[in-house]
Structure formats: structure tokens, C-alpha cells
Amino acid sequence: MMKKVECILLVDDDEATNYLNELMITELDLTEHLLQARNGKMALDLLQEHARQHQRLPNLILIDINMPVMDGFAFINAYRQLNLHSNPSLIAVLTTSPNASDMERVRNIGINDYIVKPLTEQILLKLLEKL
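In this text, residue positions in the sequence shown follow full-length UniProt numbering: the first is 1, and each later residue adds one.
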């Protein structure tokens, strides 16, 4: 049986990517709650609102690097400063960029999961095993 988590947050400005990832997560029945945001700022606002209302925060955050308003790097830095809860979400970068400098920058800020799109069922299940 596949592991089911309480909440997953997708953060990507690309509607097609969000749609395909939502479809896969829903079809595999991997979460009770699936949240989406179009950029890092929207994601932060959503997380802060959930924290204020004592709602469940995501077990897993899948975030793109290159987005308008607030990119993935800025989101990760801001998210860590929030100290929303003692059990932080697993953050995985999901991007179209196979750029070595982006990969190194992601590793340098302590994110071990750098996934070049598309997200596959196999990759998603491996991420959930880490929770």
C-alpha cells in the first residue's frame, strides 16, 4: 500500500504542470489535502493563514525555482524564517532547469531533492518514503 500523507503543496506558475501533478497525486490517492499556489509569495501567505487557523501544514512542498513575484529560492529562505512548526515540511525543488549552478545553489541551502520536470509517479513515491 502506498503511503498517504495529510497535505501536499504544489507551488508553480505553470498551470499545465500544476494540473498534471494534481491529476497524478489525486489518481494515486496520496493525500487528504492538495494545496496550490502560483508563486512563492502566494505559498507563504497560504502557509501563514493555515498556521493562524491551526490547520495542517504540508508534509511535502513541491516548488519551482523560476516564478514571478517570489521565486523558489526566496520562498525557501522566507519559509525557514517563519518557524511555523517544529516538524518542517519536506521541500523538493521541481524545475525545468538542469543547470548545474541551480543544482549547487539548491544543495547549498540544504535541499536534497532537485527534480527536473516532469514529476513521475516513481519520483513522487520516493519523496513520500522520506516522510
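Cβ coordinates follow ideal geometry from the N, Cα and C atoms, glycine included.
query: Could you check which residue in 39, 73, 46 and 89 has the C-alpha nearest to that of residue 107?; result: 73
query: Can you tell which of 121, 8 and 120 has its C-alpha closest to the C-alpha of residue 59?; result: 8
query: Cα-Cα, which of 82, 35, 3 and 121 is closest to residue 52?; result: 82
query: Hey, how far is the Cα of residue 33 from the Cα of residue 6?; result: 6 angstroms
query: State yes or no: is the C-beta of residue 61 within less than 8 angstroms of the C-beta of residue 111?; result: no
query: Buried or exposed: residue 95, going by 16 or more other Cβ atoms within 10 Å of its Cβ?; result: buried
query: Of the residues 127, 122 and 84, which one's Cα is nearest the Cα of residue 90?; result: 127
query: Take the Cβ of residue 69 as the centre, count every other Cβ of all protein chains shown within 10 Å, and call the residue buried at 16 or more, exposed below.; result: exposed
query: Whole angstroms are fine: how far does the CA of residue 35 sit from the CA of residue 29?; result: 14 angstroms
query: Under three-state DSSP, which class holds residue 120?; result: coil
query: Under the assumption that residue 125 contacts residue 2 (Cβ atoms under 8 angstroms), give the Cβ distance between them as a whole number of angstroms.; result: 6 angstroms
query: Looking only at its chain, what residues have a beta carbon closer than 8 angstroms to the beta carbon of residue 84, apart from the 5 residues adjacent to it on each side?; result: 47, 48, 51 and 57
query: Whose CA, out of 31, 64, 4 and 54, lies closest to the CA of residue 18?; result: 64
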